[in-house]
Structures are given as C-alpha cells and as structure tokens.
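Engineer:
Numbering (our numbering), first residue to last: 577 to 1249.
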C-alpha cells in the first residue's frame, strides 16, 4: 500500500516503524502497539483483495486459526481489524530471517542444523494437528528463524480445521514446489500432507534445491504426482544414508506409506541426529534396514523407533485422456507362453538344489540365539551393563518424557525374547521433560497470561503485585524467571501483575504563576488542566487553588486542575447624558456595563424630564465592566425654592426606590436646574 509510510497510525493504535516485506496477498509492516508499548508485525491485506469475499475469508481464517494455536514454535496472533477499506492482522514480531533466506544464503545446511529446524517445524505441525488443523502451506517462506536457531511457523492463511473439505472446487491451495501429491490432484488433505511438505523443506535445506521444479505450477504439480525425486545424496554426498532414507520416506506418493504422524517423524529425526553426532550413521542404517525387513515380514514394530522402508518408485502410465497420470506400483509385464515343459523341470531342479544349499549354510553359520534381558525401567548404565553381560550391544536414543532422565522407557527386541547373540538392542531412554522458553506475557490480563503459560507447559505457582507505570492495573508485567529463559517443561513460574504506577507527592504550586506551576507539575510526571476564574482581587495568572492539593499522593500521569485568576474585563463607558432613560440603559448594557444605578433629580425644564442629566463615571472613560454606573434622570416640577430629589437604585437583578428631602450634593451635580 503506497499510502502507508513511516509514523502512519493504523486503526488509532499501531504506529508504522518500517515495511518488513510485501507478498502477493498482503504487506507486512513493523509497527509499535501504542496501547501495550510493544513491537508487532502487522499484515495488511492489499486493498484490491478487500472486496473479494474469498480473499477476505482466507485472511480472517488465518487470524482465527493462528490465534487458537499458542505454541513456542508458532507465531502468535494478537489482534485483527479493519483499516482504510481493508483488513489487518497484528502478529508477534520475530527479529530474524525466513528459512528461505537462510537456504538461499547458506545451503546446503549442516545435517544436524537442518534436522533441528525440521523438528521445530514438526512440533508446530504436531500441535496444530492435535487440534484438528492442517497448515496446508508449510514452506521455508513461512518459517522464521532467529539468531539462536529457534524456528516459528507463520501464515495459517489457508489452514482449515478438520481433515475433510480441504480443497476448493477448481483450485489448488498451496505453493506448487511444496504441495503433496494429493493436494496437486485436488484431493482432500490430511496431516500427512503437511509431513510431505516438511520432507520437501528438509530436502531443500540439505541440497539447496527443491525435489521438483518447473516454469509453471501445473508442471510442478504433475511431477509431484508422477516422478520420483532425485536422491538427495546425489546432490550432497554428505547426507547420511539414514537421513536420506527418512526424507524419501516422507516423499512417498501414497500418504499411507509416509510416517504415521508428526510425532513418529520427530522421533526418527531425533534418532538420526543422535546417530550423526555419535558418528555411528552406518550402524544406525543397518539397524533401520533390519527394522524395515521386519516390517516386510509382518513382525510388530514400535512406531517410535522405526519407519517403513521406501517402496520402489514405479513409472506412471496415462489413460490417454491427458488427465493426471495414475501411478501403478508393482505391475510386471506378462510372461511369454513357453509350451515346452522340459526346460522348466531342469530350472526347478536347479532352484531346489540352490535353496537346499543356502538353507544348510544358514543353519550351519547362523549366530547362536540368546534370551534378551528385560531392562525397561532400569537406569541406562545398569541396562547397558546387563545387555553386555548377556552378549548384546546397547544402542540408546533419548526422548523427552516425564520420567527421570536416564531411565530406560522401552527396548527392541523386548525382554525375555530370543535374539542373535552379539546383535544390538535399541533402548528408548528418557532425557527428562525437555526445556521450553518462557513466553512474554506483558500486557495480558491475569487469566490470559496464565493460559499462555499453561500452553507452553509451565505452571503458575503464584502471582505477585508489582508497581508499574507502563502497564495498567491488573495487566501482567512479566514472569520470574523472565521471558526468553529456557527452563524444564512443567517448571513453576511466578506471574507478576501490575498494581499501577507508584504514588508520588504532588508539588504545592498555590500562589505561583500559572506557567511556572504547570512546568513544575509536568516535570514531576503529572498532567495539568487550567480552570480560569475572573477575580479582580488576585493578580491575573496566579494559581488560586489546585486539585489534588499540594503534598497529596497521586499516581504519575494524574491530571492536576489549577484554578487561575483571570483579570476582569474592561471597556469604555458610553456617554449617555442627554439620552432618554431607556436608550441610556440599552447603551450601557450593550457596552457590557450591566451594573447601573438610577437616581432622580427635580428639574424645572419640562424637556429634561425623563432624560439623563448626569452620569458617573463620565462617558468616554475606561473602566472595569463590573463598575457601577450611576445615571441621574430628570423629574419635572414647577417653580420651587427647594427641590426634593428622590433616588431609585436599579441593577440588573433588583431595583430600590427611596425618597429624601435632603438636598443632593456630590459628584452627580447640583440639586436644582
């Protein structure tokens, strides 16, 4: 969106810091959440898609799907909303690189590093699958890896709950290079489809290229359905054989021939990693081959310790209609019809002789079989010692569990069964609960924070109140131990809840100048509001009162109201002498002098009756508008040696009339006319 620039505020909350990237469907910005004071990634749907119900629904589905998946390997979704005619999702911001960028810059990756990243992706997929959600678009572009090597999966835009109804009529959802064959054909997808995509990602990490590519998406999709991938070791000879076998296992065309679930694939990859680190890849390959042979013979297999062999890839055939090829496995050409029976008789005789010789050689040379000691629930050191004494070798692989680290959880072959002397017994050994990184819960409510921590396998032992000027009362300020620390799963943590900002003393600014008082209060962390009141007895601009009062306690950011003196208004007194009484009063009121008094004086000239014969203050002088103006009004009387002045006092609120026989003297004039 060209209109989004630095410091743009989206939805009155998110201030744009910079653009992180642009995709075919949306732009992603690094923004600052001004309410919670944290940086988040905000995905803003391109406006041209905002009117397309299908795109909008996909966008909303991403928010719904990811918001319900709180896991250490899944990018968290915080918020969603509308802005400027389109829609946005606010997500957890991860400083790091996409896995695609890492592959582009560094591939082929070290096998152990590639396995670690793949396992983290699978843990995210396992968490989603157990909640009925299939991602459907797992690819390196949707995986963020930080500097510590921690990976998180994002973009659940085409994820849907459930294993059915996962396609749209006439369309294929996903990215062509990472599609499973069933997606490429428009069929329903299952969690196994995500495992296929993870196999493609693992292939790409180890070789620097995807197994199938092409100029058009349709071409790539057909390759997923009909072609066998080039074995990755041909592109990178450093790939251990058992890791290559695991990759090809996930890339089986038939979903039933892939790993049972993410848990099984995680276990096998962990086994591969331990074998690589131990420098025993060849031994593990032989062990895996033996397990695969057992599977072919119909023997029981522990899914946590084995995987199915990769079936031979057959050539596709077409039905002549140009539709997607149908793969037929195991089909053999018809044999020729030999009418002669004598050659077959000789061939059968030779076969029987060879088989008899092989059987005799086997029974003469096969190893002696011994009873395998039962060592489940024993400490590994004790179990390995017992197996050595019985003539067997111990081959451990470690898995996370609630049992004490080092405890043998299971064995293959099982105890009290016979096996060749000198053969290897595989032991599944507990490595403890495993570790988890404590998530950040800052700004979340107490209930939400507890739910987040529980989702990471942590327990809240208690909550503690702490003063915080950053977080509102009742919001989480953090945990003890703090966010980001690696602790064992099930660890108890203390949840810290804000009790609000610490109280501070309000400075006493009464009697100070308003500007200086405001500066003092703001420097102390308070806000200021002025309430100006007219007061002629106090210097204009002086603080007459404050609320809260000086030296009271209040939280930083509290608004202090200052009552400030305002000088009375001034104006020019209009000259009303000679004006009729009604006109004089109107003129005074119009000029803002509403406090006036009327006095009456006897006049002997009839024309002056009812007019103003004198005023005080005089017209044209500048006075406070609250000043009382006295106007003397003439009252006609015939000839008389002594005049009587009657006085009527009038204000805007009351009128007082009095009569007096005392001759009027003073500022308003003489007593006779």
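Yeah, the Cβ is synthetic: ideal placement off N, Cα and C, and Gly gets one too.
Since we're looking at a predicted model, the values are computed, not measured.
#1: Who are the near neighbours of residue 995 in its chain, counting only those whose CB is closer than 6 Å to its CB and skipping five residues on each side?
#2: Who are residue 1064's beta bridge partners in DSSP?
#3: Please report how far the alpha carbon of residue 1275 lies from the alpha carbon of residue 587, in whole angstroms.
#4: If you measure between the beta carbons of residue 689 and residue 720, is that distance less than 9 Å?
#5: State the start and end residues of the unbroken alpha helix (DSSP H) segment that holds residue 646.
#6: Less than 8 Å between the CB atoms is what I'm expecting for residue 1107 and residue 1137, so what's the real figure, rounded?
#7: Beta-carbon separation of residue 693 and residue 652 under 9 Å?
#8: Less than 9 Å between the C-beta atoms of residue 1195 and residue 1152, yes or no?
#9: Quick check on residue 764: does DSSP put it in helix, strand or coil?
#10: Pairing CB atoms from the region 649-668 with CB atoms from the region 812-822, are three or more of them under 8 Å?
#11: Do you know how far the Cα of residue 1122 is from the Cα of residue 703?
#12: Using a Cβ-Cβ cut-off of 7 Å (strictly less than) and excluding sequence neighbours within five positions of residue 589, which residues of its own chain qualify?
#13: Could you tell me which uninterrupted beta strand (DSSP E) segments, each at least 3 residues in length, are contained entirely in the region 1123-1201, listed from first to last along the chain?
#14: What are the complete beta strand (DSSP E) segments, minimum 3 residues, inside the region 669-725?
#15: Inspect the beta-carbon positions of residue 986 and residue 952 and report whether they are closer than 9 Å.
#16: Could you check where the alpha helix (DSSP H) with residue 808 kicks off and where it finishes?
#17: Identify every residue that forms a DSSP beta bridge with residue 846.
#18: Could you check whether residue 968 and residue 1000 sit closer than 9 Å to each other, using their CB atoms as the reference points?
#19: Buried or exposed: residue 980, going by 16 or more other Cβ atoms within 10 Å of its Cβ?
#20: Could you give the C-beta distance for residue 831 and residue 766, rounded to a whole number, given that I count them as a contact under 8 Å?
#21: Using only CA atoms, which one of 797, 782 and 1126 lies nearest to residue 789?
#22: Could you compute how far the alpha carbon of residue 1014 sits from the alpha carbon of residue 791?
#23: On the CB-based measure, 16 or more other CB atoms within 10 Å of its CB, does residue 863 come out buried or exposed?
#24: Quick check on the burial criterion: 16 or more other C-beta atoms within 10 angstroms. Buried or exposed for residue 808?
#25: Should the region 775-788 be called in touch with the region 818-833, which here means at least 3 C-beta pairs below 8 Å?
#26: Which residue spans inside the region 1027-1065 form an unbroken beta strand (DSSP E) run of at least 3?
#27: Within 10 Å of its beta-carbon, does residue 1090 have 16 or more other beta-carbons around it, so buried, or fewer, so exposed?
Structural biologist: Reading it off the structure:
#1: 948 and 989
#2: 1011
#3: Coverage of the chain is limited to positions 577 through 1249, which leaves residue 1275 absent and any answer about it impossible.
#4: no
#5: Here residue 646 belongs to no alpha helix (DSSP H), and DSSP marks it neither H nor E.
#6: 6 Å
#7: no
#8: yes
#9: coil
#10: no
#11: 58 Å
#12: Excluding the 5 residues flanking it on each side, residue 589 has same chain C-beta neighbours closer than 7 Å at 609, 610 and 611, in chain order.
#13: 1135-1142, 1146-1148, 1172-1179, 1188-1192 and 1198-1200
#14: 719-721
#15: yes
#16: 808-811
#17: DSSP output for residue 846 lists no bridge partner at all.
#18: yes
#19: exposed
#20: Correct: roughly 6 Å between the Cβ atoms.
#21: 797
#22: C-alpha separation (whole angstroms): 44 Å.
#23: Below a pLDDT of 50, predicted positions are generally treated as unreliable, and residue 863, at 43, falls in that range; the measurement from the model is reported next regardless. Result: buried.
#24: buried
#25: yes
#26: Contiguous beta strand (DSSP E) elements confined to the region 1027-1065 occur at 1035-1042, 1052-1056 and 1062-1064, taking only those with 3 or more residues.
#27: buried
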